[in-house]
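Asker: Convert by adding 10 to the 1-based position in the sequence shown; the result is the number in this note's numbering.
The beta carbon of each residue, even a glycine, is placed where N, CA and C say it ideally should be.
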Amino acid sequence: MAHAEAKWHHDLQRWADAMFHSYLIFSEPKVWAGFGRSPEFEWMFLNTRSPTDLVVLTPPLPVAIAELVARELNASIPIDAPPERALKRGRRIAKSVLSAVGYGGRSRLPRPMLLSASSFDSSVHGLDLPPSDVLKACIDELGGRALLDEEAKRALADAGLCGLDRADHLLGAMVLDGNATILPGVGITSIGGFKCNRCGSRGPFLQLPCARCGRDICAVCSECRNMGIVRECTPIYLVNPPYVGTSIIGSVADKANMVMPHALTPAQVDAARALVEWYETDESPEAIVWAVCGAGKTEVSYGLIAAALQAGKRVAYAAPRRDVVAELSPRIQSAFPAARCGVFYGGSSERYFGADITLLTTHQAMRFYGVFDLVIIDEADAFPYYGSEALAASVDRSLAFGGRTVVLTATPSLGHIARIKAGTLPCFKISARHHGHPLPMPVVIEMGDKPQEPVVAELATASLERGCPVLVFVPTRHRAPEVAEYLSQTVPDARTKWVHSGDAMRDSKRRMLAEGECEVLVSTSVMERGITVDGVDVIVADADWETVFDCRALVQMAGRVGRTASNPTGSVWFTCSRENRQIQAAREMIDEMNRDAASRGFLNAGSEV
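(1) Tell me which same chain residues have a C-beta within less than 6 Å of the C-beta of A43, skipping the five on either side of it?
(2) If you draw a straight line from the C-alpha of D168 to the C-alpha of C148, how long is it?
(3) Using the three-state DSSP reduction, which class does F55 fall into: helix, strand or coil?
(4) Does the distance from the C-beta atom of P330 to that of P422 stay below 8 Å?
(5) With a CB to CB cut of under 6 Å and the five nearest residues on each side skipped, what residues in its chain are close to D552?
(6) On the premise that I246 lies in contact with L193, defined as a C-beta separation below 8 Å, what is that separation, rounded to the nearest angstrom?
(7) Can you list, in chain order, the residues of its chain with a C-beta nearer than 6 Å to that of G255? Leave out the 5 residues immediately preceding and following it.
(8) With a threshold of 8 Å between beta carbons, is R361 in contact with chain B?
(9) For M270, does the count of other Cβ atoms within 10 angstroms reach 16, so buried, or fall short, so exposed?
(10) Within a Cβ cutoff of 6 Å, which residues of the same chain sit near V550, ignoring the five residues on either side of it in sequence?
(11) Would you mind sorting L369 into buried or exposed? The rule is 16 or more other CB atoms within 10 Å of its CB.
(12) Alpha carbon to alpha carbon, how far is T308 from W300?
(13) So the candidates are S48, D90, T68 and C220; which of them puts its Cα closest to the Cα of K40?
(14) Quick check on M29: does DSSP put it in helix, strand or coil?
(15) What's the C-alpha gap between L285 and F438?
(16) Leaving out five residues before and five after R414 in sequence, what residues of the same chain have Cβ atoms less than 6 Å from its Cβ?
(17) Helix, strand or coil for P194 per DSSP?
(18) If we call anything under 8 Å between Cβ atoms a contact, is A326 one with F382?
(19) For E15, which of helix, strand or coil comes out of DSSP?
(20) Quick one: grab the DSSP three-state call for T291.
(21) Taking one C-beta from the segment 189-206 and one from the segment 69-77 each time, how about it: are there three or more such pairs within less than 8 Å?
(22) Checking 8 Å against the spacing of the C-beta atoms, do A563 and V532 come in under that value?
(23) Is DSSP giving P464 helix, strand or coil here?
(24) Got a sec, what are the start and stop residues for the alpha helix (DSSP H) T500 sits in?
(25) Restricting to Cα atoms, I'd like to know which of G224, Q217, R222 and G182 is closest to C231.
(26) In or out: E525 buried (at least 16 other Cβ within 10 Å) or exposed?
(27) Looking at C-alpha atoms only, which residue of S535, D226, A442 and T557 is the closest neighbour of R487?
(28) Between which two residues does the beta strand (DSSP E) carrying G413 extend?
(29) Report the start-end ranges of each beta strand (DSSP E) in the segment 210-258 that is 3 residues or longer and not cut off at the edges.
(30) Using the C-alpha atoms, what's the distance from R222 back to D544?
(31) Out of L124, T244 and V546, which has the shortest C-alpha to C-alpha gap to R208?
(32) DSSP state of R95, grouped into three classes?
(33) For the segment 446-465 against the segment 586-605, do three or more pairs of beta-carbon atoms, one drawn from each stretch, fall closer than 8 Å, so that the two count as touching?
(34) Going by C-alpha to C-alpha distance, which of N236, H445 and K265 sits closest to N614?
(35) What does a CB cutoff of less than 6 Å around A282 pick up in its chain, not counting 5 residues either side in sequence?
(36) Return the chain-ordered list of same chain residues with a C-beta closer than 6 Å to the C-beta of E290, the five sequence neighbours on each side being excluded.
What follows is the structure, encoded as structure tokens:
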């Protein structure tokens, strides 16, 4: 019985946490609408600022519906409307909205409950209100973050600012003070659709029974579930950073002190200098660093990071993949030994929200709000960031007002290229690798309707005879083992492996190729980045399979060749039925960078383009 009673109380508390009221606020000379868990507390808090009447219009509702009612009220009731007219119109609008979302019916709309300013007694009601120093401490603790309800409560409790049972009041006071915004995790749009207010996704949404609000159907965002479940009935708090426009605590000069791990190449020096000049003299909100594969984009950004730290700014360095962030974090910390670095990816432990430099995956940007003065996005062309409106929106939301973005990429999108050519996007090219040799130009082999495996085997054999390992790219998962089996039979002396994104051994197979434990690796596009193998040659089979191999992917695959100073050249082949526009565009992009490097004197004497 005791267990059943405890569970009942727990379920009742979860339901209460999920329920909000919509209300009208009358504070001379304005009227506006709001929503909250505890109208009485919010009425008391407002009356400490100025005499305020508050009229509760709705029964307890999931936060998405309460917010929708308040939004429609604010859109329809003028701020200078007479109280009687505002109340009459407000009830009509509230009933209409509730009916539209399935909460309609006269019996479901209670009589308005008036909390009058004339009955407010500060000596009595003020006892329940948080002191101003506690509210300031809350802003210091949560500032610049986007937190789900439970995350926000737990953070305040862990900081010793309140118990979990009092966190609602502190969060509500932060919202009423204008230091935070409360939104439903999944909000309802004016036309009846859904939008995730954490990641910005507009679907698809799961429609699931919900133990929290007790409804048979409650929308859940499927785009960002791995960051914690976001529901219609779960609020999210966007907390203003307390340090906007202020210098980072501590010696700015020390934090900006930079230790470059090695000398930059002439191409890197040019790009790094131009990037800092853009930051200090240009007002453009975004710039792009277009660097060939293996040119060293990260080090080029160090001067920019130092300039931002010197100005007392907060910097984020973001990348789509967790392994990239994990690998970069010790390098950047070594380059800026006096700066505090926070590292955010799945499973990371050094999560400092007040860091000078924050390294994070683009997914983790969902945890931040209006805090970064400079965001550097590495590999912006990579999955899952490329093509994701949700991740792009999350990164944008993490920017402070007036914040700026720098994109680092080897393969700019068509949109970026169009803006570069139009002169609306500042672009800084690193068109040569450190060893001063041009990028290998892919050779296209058109096969018509003939099978491509025999020519792939011939090319692989020729590479192996020269002592070069071979990376063979194929467009689909089922092709990887098929082509690997064919090569095992036709090139019997070569140790051949295959890999795709679902292979749990993909990291060890990558290592085997790099360390010479296998000579041929057949892979899907999972190996198009993040792999450097000395002396490797590349074959892209079915290169005209453009639903998988667009020009950006082809450039990245070709970019595996010639990356090291000991083997700066190599061979790239695209086998296909017919050369298509994507293959042509990839070759044109490589040729453009080689010509740029030659014209600017970045290539070794005698190098041919």
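Answerer: According to the data block:
(1) Sequence-distant Cβ neighbours of A43 in its own chain, meaning closer than 6 Å and more than five residues away, are L34, A80, L83 and N84.
(2) Cα to Cα, D168 sits roughly 11 Å from C148.
(3) DSSP, reduced to helix, strand and coil, places F55 within a helical segment of the structure shown.
(4) Not in contact: P330 and P422 (Cβ atoms no closer than 8 Å).
(5) Hits under 6 Å: P485.
(6) Contact flag correct, Cβ pair sits at about 5 Å.
(7) Confidence at G255 is low in this model, with a pLDDT of 43, below 50, so the placement of that residue should be treated as unreliable; the coordinate-derived value is given next. Excluding sequence neighbours, G255 sits near nothing in its chain.
(8) Among the chains in the structure shown there is no chain B, since it carries only a single protein chain.
(9) By the 10 Å Cβ count, M270 comes out exposed.
(10) Excluding positions up to five away in sequence, the list reads F483, M567 and F584.
(11) By the neighbour-count rule (16 or more Cβ atoms within 10 Å), L369 is buried.
(12) Spanning the two alpha carbons is a distance of roughly 12 Å.
(13) With distances taken between Cα atoms, K40 lies closest to D90.
(14) M29: strand per DSSP, three-state reduction.
(15) Spanning the two alpha carbons is a distance of roughly 7 Å.
(16) P295 and L384.
(17) Strand.
(18) Going by C-beta atoms, A326 is nearer than 8 Å to F382.
(19) With a pLDDT of 43 at E15, under the threshold of 50, the predicted position of this residue should be treated as unreliable, and no value is reported.
(20) T291 carries a helical assignment under DSSP once its states are collapsed to helix, strand and coil.
(21) Touching, yes.
(22) Their beta carbons are not under 8 Å apart, which means A563 does not touch V532 by this criterion.
(23) P464: helix per DSSP, three-state reduction.
(24) T500 -> alpha helix (DSSP H) spans R489 to T500.
(25) When only C-alpha atoms are compared, the closest one is Q217.
(26) So E525 ends up on the exposed side.
(27) Considering only alpha carbons, the answer is S535.
(28) Taken as a continuous stretch (DSSP letters only), the beta strand (DSSP E) holding G413 covers L409 to T419.
(29) Complete beta strand (DSSP E) runs here, min 3: 215-218, 228-231 and 245-249.
(30) Take the alpha-carbon of D544 and the one of R222: they are about 55 Å apart.
(31) The candidate whose alpha carbon is nearest that of R208 is T244.
(32) Under the three-state reduction of DSSP, R95 is assigned to helix.
(33) Cβ pair count under 8 Å is three or more, so yes.
(34) The alpha carbon of N614 has as its nearest neighbour, out of N236, H445 and K265, the alpha carbon of H445.
(35) Cβ contact annotation for A282 (same chain, cutoff 6 Å, sequence separation greater than five): V310 and G313, in chain order.
(36) Answer for E290: no residue qualifies.
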